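Numbering (the working numbering), first residue to last: 6 to 110.
Virtual Cβ for every residue (Gly too), placed ideally from N, Cα, C.
Here the structure is a predicted model, which is why all the values come from computation and not from measurement.
Please read the structure below before turning to the comments.
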């Protein structure tokens, strides 16, 4: 799947349906916040992978001279070590609960 700039638009080309391409005016992607917004909107599309959204972000960030990390929507932000530890702790706790004898009822 391609992410291209064509004319006044950035286009995310649908792999199977040329009528379903996603396009945004370049003028609507002039700030990191705007790029976050559009990337988040893109990720709502079932046919758009995280990798394609990342290509969109990287292309738009380069275009406006922004750091790519400043343009990441919450869905693509990497977890911090603290968040990873917290999540691992909660998963371990859930596994313990699910293994307990009363969990099947």
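Any idea if residue 87 is buried or exposed, counting beta-carbon neighbours within 10 angstroms, 16 or more meaning buried?
exposed
Select from 32, 7, 76, 29 the residue whose C-alpha is nearest the C-alpha of residue 21.
7
Please say whether residue 55 and residue 81 have beta carbons closer to each other than 8 angstroms?
yes
Which same chain residues, not among the five before or five after residue 63, have their C-beta less than 8 angstroms away from its C-beta?
73
Taking residue 37 as the reference, give the member of 100, 47, 65, 95 with the closest Cα.
65
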